[in-house]
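Data first, discussion second: the structure below is written as structure tokens.
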Amino acid sequence: MQRLLILTILSIFTLVSVAAADVFKGTGRGKSEEAAVQAAVTNALEQAVKSMIDDASYKKYKTKIAGALKGKNKKLVTNFQQDGEPEFTGANYESTVSAAVNMKALEAELSGLGVLQEAMGNPRIMILYNPKLPQGGTLGMTRHDLEAFFDNSYGSMVDVFVERGFEVIDKKSSESFAMQVADTHEIDVDVNKAAAYGLKYNADLIVYYQTVGIGKEGYTGGGAKMFLRAQLINPTTSRIISSKDVESEKFGGSLQEALYRAAKDVGGKISNVMIESIKKNWKREKAGGGTFIIVLDGIEDAEEAVAFRNKLKSYPDMDNTRDRESGGGKTTYEIKFGGSADDVKSAVLKAAKELGWKLKLIRSEGSRSTWKRQ
Numbered sequence: 034m035q036r037l038l039i040l041t042i043l044s045i046f047t048l049v050s051v052a053a054a055d056v057f058k059g060t061g062r063g064k065s066e067e068a069a070v071q072a073a074v075t076n077a078l079e080q081a082v083k084s085m086i087d088d089a090s091y092k093k094y095k096t097k098i099a100g101a102l103k104g105k106n107k108k109l110v111t112n113f114q115q116d117g118e119p120e121f122t123g124a125n126y127e128s129t130v131s132a133a134v135n136m137k138a139l140e141a142e143l144s145g146l147g148v149l150q151e152a153m154g155n156p157r158i159m160i161l162y163n164p165k166l167p168q169g170g171t172l173g174m175t176r177h178d179l180e181a182f183f184d185n186s187y188g189s190m191v192d193v194f195v196e197r198g199f200e201v202i203d204k205k206s207s208e209s210f211a212m213q214v215a216d217t218h219e220i221d222v223d224v225n226k227a228a229a230y231g232l233k234y235n236a237d238l239i240v241y242y243q244t245v246g247i248g249k250e251g252y253t254g255g256g257a258k259m260f261l262r263a264q265l266i267n268p269t270t271s272r273i274i275s276s277k278d279v280e281s282e283k284f285g286g287s288l289q290e291a292l293y294r295a296a297k298d299v300g301g302k303i304s305n306v307m308i309e310s311i312k313k314n315w316k317r318e319k320a321g322g323g324t325f326i327i328v329l330d331g332i333e334d335a336e337e338a339v340a341f342r343n344k345l346k347s348y349p350d351m352d353n354t355r356d357r358e359s360g361g362g363k364t365t366y367e368i369k370f371g372g373s374a375d376d377v378k379s380a381v382l383k384a385a386k387e388l389g390w391k392l393k394l395i396r397s398e399g400s401r402s403t404w405k406r407q
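Sequential numbering of the sequence shown, starting at 34, is according to the working numbering.
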């Protein structure tokens, strides 16, 4: 008992210093107190695994995963804290712990089994073209030019993504976005608008890009240099995951032909660059399915916004709740949570009720939900 108490005290001090780990709760039973604690740690590790892969994949590979992780609690769980003393239930001891799991090491273990790749698959991609330049100009002079640039850059990007095994949302919806931007004459379209459009079509990730072309007409034809900047966006959180630039120089029988060729070339180049970014980030983004965005409309008072945040933080496993932005009567919160979207919605309603508020769910898309105070 004394050794367990010392271990618990040490864990309390060291748990907070582990920056690379995520904390998961687990409950276990055993013939002794130590056995119950170890079983709880193992179950906490199981929760960490479930946060990285979907339920169907976990059930399919459960035995394989358990065998691979057996005996690796010390390697994968950097520290743990007991939630009270183990209780004797009459036949066994029962213990609950909060365990700090080294997610990078756990990911390496699952990748070695080939489980993550099969479970994660490739994300559903939406490619959105913003034809407006920062200074308000456009490539080309007519709608036909806009359509030609879109066809060349977008088409080459789709070719690369599809060849590499990605599902790309249909061209018609992406073309509609570009034309809407052109028709509204907006100088800049922010990330939130692109993200909202992606959510509408159930995109997992968005490739959002702009092109700038420089050309010169000569006696024998034209030459053009084109620059393309693309952002990889998580539509659920409106977060930019990656931003890349490429360029291309091409020649043709006319200036327009050279520009079109350059557009096609940069489209192919940026796709390969973006695919590398997706490979590095997709598993983390999907594992981050525990990142939820809550938007409250009708919260003007800063003290009320803080009270709501603190109420959410007080609930089990929701202590990782923070303010993201506020203004215009709206407050946005970000919650990293191991449960489901329904669990988060229940917590929002519970917090509102305890504060004496009445909230109405206005919109719910994936891990993002918007609520209106009545």
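Just so it is clear, CB atoms sit at the ideal spot from N, CA and C, and this is done for glycine as well.
Keep in mind it's a predicted model, so treat the numbers as computed, not measured.
Point to revise | Beta-carbon separation (whole angstroms), residue 295 vs residue 283, contact threshold 8 Å | key: 4 Å
Point to revise | Distance, residue 59 Cα to residue 102 Cα | key: 16 Å
**Study point:** Cβ neighbour criterion (16 or more within 10 Å) applied to residue 243
**Key:** By the 10 Å Cβ count, residue 243 comes out buried.
Practice item. Apply the 10 Å Cβ neighbour rule to residue 360 and answer buried if 16 or more other Cβ atoms are within range, or exposed otherwise. Key: exposed
Review point. For the putative contact between residue 195 and residue 160, defined by C-beta atoms under 8 Å, what is the C-beta separation to the nearest angstrom?
Key: About 11 Å separates the Cβ atoms of residue 195 and residue 160, ruling out a contact at the 8 Å cut-off.
Practice item. Alpha carbon to alpha carbon, how far is residue 61 from residue 69? Give it in angstroms, no decimals. Key: 5 Å
Practice item. Alpha carbon to alpha carbon, how far is residue 358 from residue 387? Give it in angstroms, no decimals. Key: If I take the Cα positions, the gap works out to 23 Å.
Exercise for review: Give the DSSP bridge partners of residue 115, in chain order.
Suggested key: 130
Review point. From what residue to what residue does the alpha helix (DSSP H) around residue 341 run?
Key: 335-346
Practice item. Look up residue 406 in the DSSP assignment and say whether it is helix, strand or coil. Key: Strand, per DSSP.
Point to revise | Status (buried if at least 16 other CB within 10 Å, exposed otherwise) for residue 96 | key: exposed
Practice item. Any chance you could list the alpha helix (DSSP H) runs of at least 4 consecutive residues sitting entirely within the region 51-85, in chain order? Key: Fully enclosed alpha helix (DSSP H) runs of 4 or longer: 66-85.
**Study point:** Span of the alpha helix (DSSP H), counted from its first residue to its last, around residue 231
**Key:** 224-233
Point to revise | Endpoints, alpha helix (DSSP H) assigned at residue 98 | key: For residue 98, the enclosing alpha helix (DSSP H) begins and ends at 88-102.
Review point. According to the neighbour-count rule (16 or more other Cβ atoms, all chains shown, within 10 Å of its Cβ), is residue 197 buried or exposed?
Key: It is exposed - the Cβ of residue 197 has fewer than 16 other Cβ atoms within 10 Å.
Review point. Among 114, 64 and 93, which one has its Cα closest to the Cα of residue 77?
Key: 114
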